[in-house]
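Numbering (this note's numbering), first residue to last: 1 to 310.
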């Protein structure tokens, strides 16, 4: 009700919600503590001037309440890892849910690499999804989700991100987001997908030590307004859209969209698979989501899972 240009009286809010003026006042104070800038004027009421700089638990709860995919969200000020929290909570519900943290002290990416996750500089999320599909479909999942994340960043911040197969999002030739997909399966069927996503939003001094990393604020500048709540609205919408497409459509229907976003084709790549490393040039991605590359010996290889360096 506060998300509007004009003032609204506390009595109006109380009457509409069927609660006391005291309850309204207490809630306004709680929102201010979360970082909302709310103007209060006698005889006029309340006016929302600005949302918090960082992700708001209240806004998240509202978005989850509107979601057709996620049933609830768990929010942590700090945690070792949203992935660890998500795995811990798996047995508590059969629904899909989200875990969000302001800070991770033991964040990790693919191949158990450390993911630097300082407080209130990035968005750290684990999505828990219950698809009940063959485990071989996880390759397609990464392709659909990477497109959803890339699209959300572009829409919210007016940037043009690219995808580095299979799990990284780049901006201006530097990594801005990575995601880690893990599964719980039985007899070849996935019971749960746990997808951990880390997105660099604000500038951070520790990131200066990593020449291949960047953030939204580094790219668009600190003078531009960065509305994290607005980004999360687009993010949840796109995750739901592309997750439903993943469940119901072949990769071929988004293949051209994905290729347009890819930053690896026509480039020399250092590819590390289990026990081996080789140089190759990316040629294409087939309809099953396998990467096709041409190695230095002139052989075309299909890559299912590997670490790729540009």
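Where is the CB? At the ideal position from N, CA and C, for every residue including glycine.
6 Å CB neighbourhood of residue i in its chain, flanking five on each side removed
| i | result |
| --- | --- |
| residue 155 | 234 |
| residue 175 | 168, 212 and 213 |
| residue 40 | 46 |
| residue 76 | 101 |
| residue 50 | 37 |
Among the options, the one whose alpha carbon lies nearest that of residue i
| i | options | result |
| --- | --- | --- |
| residue 252 | 289, 123, 269 and 20 | 289 |
| residue 186 | 68, 300 and 134 | 134 |
| residue 261 | 30, 162 and 94 | 162 |
| residue 239 | 12, 282 and 144 | 144 |
| residue 54 | 203, 283, 141 and 301 | 203 |
| residue 38 | 97, 6, 248 and 11 | 6 |
| residue 60 | 263, 236, 304 and 265 | 236 |
| residue 27 | 58, 224 and 43 | 58 |
| residue 30 | 96, 56, 44 and 8 | 56 |
| residue 291 | 228, 33, 166 and 20 | 166 |
| residue 397 | 79, 210, 74 and 20 | Outside the displayed range of the chain (1 to 310) lies residue 397, so it cannot be described from this structure. |
| residue 225 | 247, 282 and 157 | 157 |
| residue 254 | 140, 32 and 84 | 140 |
| residue 265 | 93, 309 and 275 | 309 |
| residue 304 | 246, 136, 205 and 179 | 136 |
| residue 206 | 117, 15, 173 and 229 | 117 |
Presumed contact (8 Å Cβ cut-off) between residue i and residue j, rounded CB distance
| i | j | result |
| --- | --- | --- |
| residue 250 | residue 273 | Wrong, their Cβ atoms sit about 26 Å apart, outside the cutoff. |
| residue 278 | residue 295 | 5 Å |
| residue 142 | residue 181 | 6 Å |
CB contact flag (residue i, residue j, <8 Å)
| i | j | result |
| --- | --- | --- |
| residue 138 | residue 183 | yes |
| residue 200 | residue 122 | yes |
| residue 221 | residue 82 | no |
| residue 2 | residue 48 | yes |
| residue 241 | residue 148 | yes |
| residue 126 | residue 86 | yes |
| residue 106 | residue 124 | no |
| residue 285 | residue 259 | yes |
| residue 164 | residue 263 | yes |
| residue 35 | residue 24 | no |
| residue 17 | residue 232 | no |
| residue 93 | residue 71 | yes |
Own chain residues within Cβ distance below 7 Å of residue i, not counting five before or after
| i | result |
| --- | --- |
| residue 171 | 159, 161, 214 and 219 |
Own chain residues within Cβ distance below 8 Å of residue i, not counting five before or after
| i | result |
| --- | --- |
| residue 280 | 268, 269, 271, 293, 294, 295, 296 and 301 |
| residue 153 | 159, 161, 169, 171, 176, 177, 199, 216 and 231 |
Within 8 Å, do at least three Cβ pairs link the segment 186-196 to the segment 114-133?
yes
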